[in-house]
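K.L.:
Position one of the sequence shown corresponds to residue 597 (the numbering used here), numbered consecutively onward.
This structure is in structure tokens; I'll ask about it shortly.
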Amino acid sequence: MSRPVYIVCGGTGGHLAPGIATAQRFKEKGISVELVISEKEIDSRLLKAYPYIPYRKGKGAPFGWRPMKLFPFVFKSLVGSIQAFTLLRQTRPVAVIAFGGFLSVSYVVAAWLLRIPVVLHEANRKPGKSIKQLAGMADRIFLPEGVILKGIESSRIRRVDMPIRREIQHIPKSEIRERLGVPAHAKVLTVVGGSQGAVVLNEWVKNNRRSLAAEGIWVFLVTGPGKMDLPEKEVLESDHGDAVEIRTFSFHNAMHELFSASDIVIGRAGAGTIAELAFCLTPSILIPYPYAADQHQLANARDLERRGGSIVVMQDHLQSLFREVLDLIFNDWLLGRMRSNLKRLIHQDSAMVICEYVANEYISKEDAASMGGKA
């Protein structure tokens, strides 16, 4: 198959990671695939770990009413739309799969105008604006169980979870801690704030790291690029005289290793983070980003809390976070229950479901038509 499947997935890790996961399944099946990512450095940085997946950068910018956001949005959206229409008209891809975000609009509209099949995926408990606006143009929309889109008939909806990259798996603690040089008996906390909401959690670690160390808790902090003001490794001492390390990373391309090594994770509540925590069987304390569109992170967090995999702490209650950490990280019975609950959430390969749908609906039909023409 010479014509590719385009996967539009740039802008945030929550859009890019499932795009990579789905591209991996297409590559496994020998199907040509290409990612369309944003011009953000974080997109290109993550893709360095996947040199076998081709990609191109698309123009686009997030929407905002303030002039500093509105003007770039209008200009880049116009340029991006022209770019998308020109590219799709020239290459005529088998299908366009979009995972939401500002890049999706121009490519999905162009595909719809050119009668190229469109497939959408939404992983959040509350669909984003782009997915809601573009749903009417899609042949198939993949949504989590229980999530609805008004005005969209059920025949066009398929229930799946977040596509997960192949390497995101639970690693036994004994194995990963030996690899990372962490004592088997230590209590380990990972803190990651994501691209938007990192600063508050970084400051929390900075202010509480000595108290955490006094309790014997090792900390992995992923600050986000350009936000690191702690040393890469700081060795402190617990109240029992044991050495305790605070390790800080600006970026980490193997978060599943940190998650698997941890007793608990403090993080935001993006759908991607939650899915990876489930696959790594890691209990969490989730702090929904309060400025997320339509409060979708709060909906995500409450859903995981209801399923018994996390505890939710709101950002305006961070004064209680240290106590929540102590109450959870030393409660081995509760941690075991939470890990069992997380294990029950893993029941399908969502990326393969999307891949097989496209292969069966579009690629197989096209192959049959091609063979018929040659006959």
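By construction, the Cβ of each residue, glycine as well, lies at the ideal position given by its N, Cα and C atoms.
This structure is a prediction, so every number in the text was calculated from the model and none was measured.
(1) So, are the CB atoms of A691 and V601 less than 8 Å apart?
(2) Near Y958, what residues of its chain come up, given a Cβ to Cβ distance below 6 Å and the 5 sequence neighbours on each side ignored?
(3) Using the Cβ count rule (16 or more neighbours within 10 Å means buried), how would you classify K644?
(4) Considering only C-alpha positions, which residue in the set A850, Y887, I907, G812 is nearest to I767?
(5) Please classify G969 as buried or exposed, where buried requires at least 16 other C-beta atoms within 10 Å of its C-beta.
(6) How far does the beta strand (DSSP E) with E630 in it extend, from its first residue to its last?
(7) Tell me the DSSP secondary structure of H717 in three-state form.
(8) Sorted by chain position, which residues of the same chain lie with C-beta nearer than 6 Å to P694's C-beta, five sequence neighbours on each side aside?
(9) Buried or exposed: which applies to I744, given that a residue is buried once 16 or more other Cβ atoms fall within 10 Å of its Cβ?
(10) Measuring only from the beta carbon, is I744 closer than 7 Å to any heavy atom that is part of the ligand SAM?
(11) Looking only at C-alpha atoms, which of I764, Y885, F855, T878 sits nearest to V818?
(12) Along the chain, where does the beta strand (DSSP E) containing Y651 start, and where does it finish?
(13) Using the three-state DSSP reduction, which class does F695 fall into: helix, strand or coil?
(14) State whether the region 719 to 734 contacts the region 886 to 895, with contact taken as three or more CB pairs (one from each stretch) at a distance under 8 Å.
(15) Can you look up E833 in the DSSP assignment and give me helix, strand or coil?
(16) Quick one: Cα of R902 to Cα of I883, how far?
(17) Going by the DSSP bridge assignment, what does G880 pair with across the sheet?
P.N.:
This is what the structure gives:
(1) V601 sits close to A691, with the two beta carbons spaced by under 8 Å.
(2) V690, A691, P713
(3) exposed
(4) A850
(5) In this prediction, G969 scores a pLDDT of 40, lower than 50, which makes its location untrustworthy; the coordinate-derived value is nonetheless stated afterwards. Its Cβ having fewer than 16 others within 10 Å, G969 is exposed.
(6) 629 to 633
(7) strand
(8) One detail in the question is off: residue 694 reads as Ala in this sequence, not Pro. Answer for A694: V604, S700, V704, L716, listed in chain order.
(9) I744 comes out exposed.
(10) Among the components of this structure there are no ligands whatsoever, and the ligand SAM is therefore not found.
(11) F855
(12) 651 to 653
(13) coil
(14) The region 719 to 734, when compared against the region 886 to 895, does touch it at the 8 Å Cβ threshold.
(15) strand
(16) 15 Å
(17) According to the sequence provided, residue 880 is Ser. The question's Gly does not apply to it. Note: S880 sits in a beta bridge opposite V861, S906.
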